[in-house]
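Undergrad: Structure below; questions to follow.
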Amino acid sequence: MNQKHSPVRLGLCCVFEDQPIQFRTTTAAYLSRLGARDGRAHRDRLVEENFTTLARAITCCHELGIGAFRVNSQIIPLATHRDWPFELNVLREGELGGLLETCRRLAQEYDIRLSMHPDQFVVLSAHRESVVNASLAELEYQAAVCEGIGADVLNIHGGGAYGDKLAALARFADNVDRLSDAARSRLTVENDDRTYTPGDLLPLSRLTGIPLVYDVHHHRCNPDALSLAAATEAALDTWNREPLLHISSPADGWDGPKPNRHHRYIDPTDFPDAWRALSSPVTVDVEARAKELAVLKLQHHLTSQGTN
DNA sequence: AGCGGTCAAGTTGAT
DNA sequence: ATCAACTTGACCGCT
């Protein structure tokens, strides 16, 4: 009966299970075997293919009623590899620039929220300067992609603790200042399942203005003094745009040997009550191995529950 | 077509 | 010491 638009926008992470949509990748070893010229040409071909695929992925999300899509870090394979650096200016020029613009316009037209999630090698809390430098370079690369395709989130974890979380987070905060505006304005930090809890990250978030992506599954694996409701409220408060949340379910149940492993689907009882009561819009990325099938199933559960 | 070996990077905790 | 886990097995090259 005149149902209000749900304030929860569900997001798909990186890949599809059933749809014929696949991103390609390659290895440094293979490119080297091809030689400098042919290696570059091959990678360029993959990049063009991948952004074409991204446009299809966005359209597919629209058709399926999925509201957000996380773009794989490898969309430009080996972008910051020492032997195969990718020239970022190329993203704004010519045919490739046009492809990125197509993605951006499609996402805008269909209201598909795009994000990126650099992986575990990006560590702004690292001691080693070489690790920090590589991390900054990776963030700048992904920020340039985000800018081209209109993604507003570049999400990373706190990284290592090295036996002293406060000192590590202080290094993180210092290193944030070394980022360009394009990277810094998109950067977010997420609680993880081993080291940094929401309570650990909130001070960093408030200090730097970097929003907190609240992952409720990680919080259940790696809890702190905050309740789910309190962590949700505090996390939402760090956002100057639509907040992003993450959800998943344990592969073998909460009593299984490895609860941090992700299930194929989301158990609806894992969806926090505090999230059902939200009145302002949020994005919830669904981290489940059945990919879009899991998103659709959760979507169905949430909406059918909302209408009866 | 099927299958085995290979693949940039960091850190933690289970085995 | 080794290895799986982390947003995800995909790819080549051999049979």
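For the first sequence, counting from 1, position 160 maps to 162 in our numbering; every step adds exactly one.
We put the CB at the ideal spot given by N, CA and C, even for glycine.
For clarity, every value in this text was computed on a predicted model and none was experimentally measured.
Do you know how far the Cα of R180 is from the Cα of R107?
TA: Distance between the alpha carbons of R107 and R180 is about 30 Å.
Undergrad: Beta strand (DSSP E) containing L189: first to last residue?
TA: L189 to E192 is the span of the beta strand (DSSP E), which, as asked, contains L189.
Undergrad: Is it buried or exposed, P245, if we count other Cβ atoms within 10 angstroms and call 16 or more buried?
TA: With 16 or more Cβ atoms within 10 Å of its Cβ, P245 is classed as buried.
Undergrad: What residue range is occupied by the uninterrupted alpha helix (DSSP H) comprising H44?
TA: Note, H44: alpha helix (DSSP H), A38 to L66.
Undergrad: Below 8 Å on the Cβ atoms is my contact criterion, and I expect E142 with L98 to pass it. Report the Cβ-Cβ distance as a whole number of Å.
TA: E142 to L98, Cβ: 17 Å. No contact.
Undergrad: Have a look at H302 and F25 and give me their C-alpha separation to the nearest angstrom.
TA: H302 and F25: Cα-Cα distance of roughly 27 Å.
Undergrad: Is it buried or exposed for Y164, if we count other Cβ within 10 angstroms and need 16 for buried?
TA: With fewer than 16 Cβ atoms within 10 Å of its Cβ, Y164 is classed as exposed.
Undergrad: Using 8 Å as the threshold, is the segment 33 to 46 in touch with the segment 8 to 22, meaning 3 or more CB pairs across them?
TA: The segment 33 to 46 is not in contact with the segment 8 to 22.
Undergrad: Would you report the Cα separation of L203 and D226, rounded to the nearest angstrom?
TA: Spanning the two alpha carbons is a distance of roughly 11 Å.
Undergrad: In chain order, which continuous runs of the alpha helix (DSSP H) of length 4 or greater are located wholly inside the segment 214 to 241?
TA: Counting only runs of 4 or more, we get 218 to 223 and 230 to 238.
Undergrad: Going residue by residue through the segment 248 to 287, where are the continuous beta strand (DSSP E) segments of at least 3 residues, counting only ones entirely within it?
TA: Taking only runs of at least 3 residues, no beta strand (DSSP E) segment lies wholly in the segment 248 to 287.
Undergrad: Near V297, which residues of its chain fall below 6 Å by C-beta distance, leaving aside the five closest residues on each side in sequence?
TA: Within the same chain, V297 has close Cβ partners L12, L14, I68 and V288.
Undergrad: By the three-class DSSP mapping on this structure, what secondary structure does N157 have?
TA: Reduced to three states, the DSSP call for N157 is strand.
Undergrad: On the criterion of 16 or more Cβ atoms from any shown chain inside 10 Å, does S306 qualify as buried, or is it exposed?
TA: By the neighbour-count rule (16 or more Cβ atoms within 10 Å), S306 is not buried but exposed.
Undergrad: Please name the residue or residues paired with V73 in a DSSP beta bridge.
TA: Bridge partners of V73: M118.
Undergrad: Would T234 be called buried (16 or more neighbouring beta carbons within 10 Å of its own) or exposed?
TA: Counting Cβ neighbours within 10 Å, T234 comes out buried, since at least 16 surround it.
Undergrad: With H, G and I counted as helix, E and B as strand and the rest as coil, what does DSSP make of R11?
TA: Reduced to three states, the DSSP call for R11 is strand.
Undergrad: Quick check on Q5: buried or exposed, where buried means 16 or more other Cβ atoms within 10 Å of its Cβ?
TA: Residue confidence for Q5 is low, a pLDDT of 46 falling below 50, so the modelled location carries little weight; the figure read from the coordinates is stated next. Under this definition Q5 is an exposed residue.
Undergrad: Using alpha carbons as the reference points, say which of R35, L280 and F273 lies closest to L238.
TA: That would be L280, whose Cα lies nearest to the Cα of L238.
Undergrad: Of all the options A169, S282 and Q21, which has the alpha carbon lying nearest to the alpha carbon of L66?
TA: Ranking A169, S282 and Q21 by Cα distance to L66 puts Q21 first.
Undergrad: Buried or exposed: N310, going by 16 or more other Cβ atoms within 10 Å of its Cβ?
TA: Caution applies to N310, whose pLDDT of 42 falls short of 50 and renders its modelled position unreliable; the value that the coordinates give is listed next. By the 10 Å Cβ count, N310 comes out exposed.
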